[in-house]
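Notes for the one structure printed next.
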Ligand code: GLY
């Protein structure tokens, strides 16, 4: 029988124990049960904000001052990415909104505010005016936008609230409207990558990205869409963003297997069906709990039940309470043909969203939320 409070207590204890070794290193995934460290591997790597985010979520529940110190230590390391600048991409929201942005909103601090505003300006600077989308990556990918970007937009909404300058919010709303127009399939699933003509803004094509194919439904991409649209609805109050989130939520919940944790791609052929992605489940569960606070009463219970079923299965079937340093096993970063060894692993963002969902069940907002 799933016990929300007991599971939250176990998760907090585990993160605290792991933090005693990891401290202000920057983990991404476990190798032989031990978290790696990306502070020397790639300081601009998109997941580098999740460990401080996990520390802040835990600090908010326990008040353990060491956790705040280590989270701030990671923030200091990330300055190198801001200084180098050229390695940065649209995932500055993942990197700074739940590291320096969380510190600023939880305890204040001028350096935290400055870093977060710096990141918001980087993100706003990637907006393509003709296509009304935020450019995802660098090099020759001038017209590429990806569904994950929705999760970075709270950084822009916050920047408008913080500075009173509406440009940040205008960009976030314009990008989200483009997503509603070009990313969602009629069944409520989502594309991963859409390529536009960077000069004219015209739609060119869809790319599979981390999905199985360019017509399939990458489950983490669907989770980014669900959760990201719900965040957009929360920050703006827009009915079209809310309707989009509800549509993706309907698809996600209707296509979950018996254990409520999706395979890496909902539309992958059966021979790939054994590759689960616990991170997609965790991200979707936290997004469903947020969405449940935004919808009318008649729609609420199905979302709450769906979210709780996912969290219960993660706790009972995917959580590793004693062995490795991570909370969740069986995350799928990407198919092995893209990066060998990343198909079945523990992922720092899976742990982040699992704990975020548990704290939402305990009545607290997520760190991407208002
Ligand atoms: N943002 C990249 C991923 O979800 O793997």
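Residue numbers (the working numbering): 75 to 444.
Quick reminder that beta carbons are idealized off the backbone N, C-alpha and C, glycines included.
The continuous alpha helix (DSSP H) containing residue 247 extends over residues 241-256. Of all C-beta pairs linking the region 198-210 to the region 170-190, fewer than three are shorter than 8 Å, placing the two stretches out of contact. The Cβ-Cβ distance between residue 107 and residue 419 does not fall below 8 Å.
Inclusion of residue 407 in the 7 Å shell around the ligand GLY follows from its C-beta lying nearer than that to a non-hydrogen atom of the ligand. DSSP, reduced to helix, strand and coil, places residue 433 within a helical segment of the structure shown. Between residue 353 and residue 421, the C-beta spacing is below 8 Å. Assignment of residue 103 by DSSP, reduced to helix, strand and coil, places it in the strand class. According to the DSSP assignment, residue 278 belongs to the beta strand (DSSP E) that extends over 277-281. In terms of side-chain proximity, the C-beta atom of residue 209 is found no nearer than 7 Å to any non-hydrogen atom of the ligand GLY. Excluding residues up to 5 positions away in sequence, 422, 423 and 426 lie with their Cβ nearer than 6 Å to the Cβ of residue 124 in the same chain.
Excluding sequence positions up to five before and after residue 314, its CB lies within less than 7 Å of the CB of 254, all in the same chain and listed in chain order. In this structure, residue 307 keeps its C-beta atom at 8 Å or more from the C-beta atom of residue 326. Residue 148 counts as buried, since at least 16 other C-beta atoms from the protein chains shown sit within 10 angstroms of its C-beta. Residues of the same chain with a CB within less than 8 Å of the CB of residue 413, apart from the 5 flanking positions on each side, are 407 in chain order.
The residue from 183, 310 and 324 with its alpha-carbon nearest to that of residue 375 is 324.
Take the alpha-carbon of residue 436 and the one of residue 377: they are about 16 Å apart.
Taken atom to atom, the span from the alpha-carbon of residue 433 to that of residue 82 is near 7 Å.
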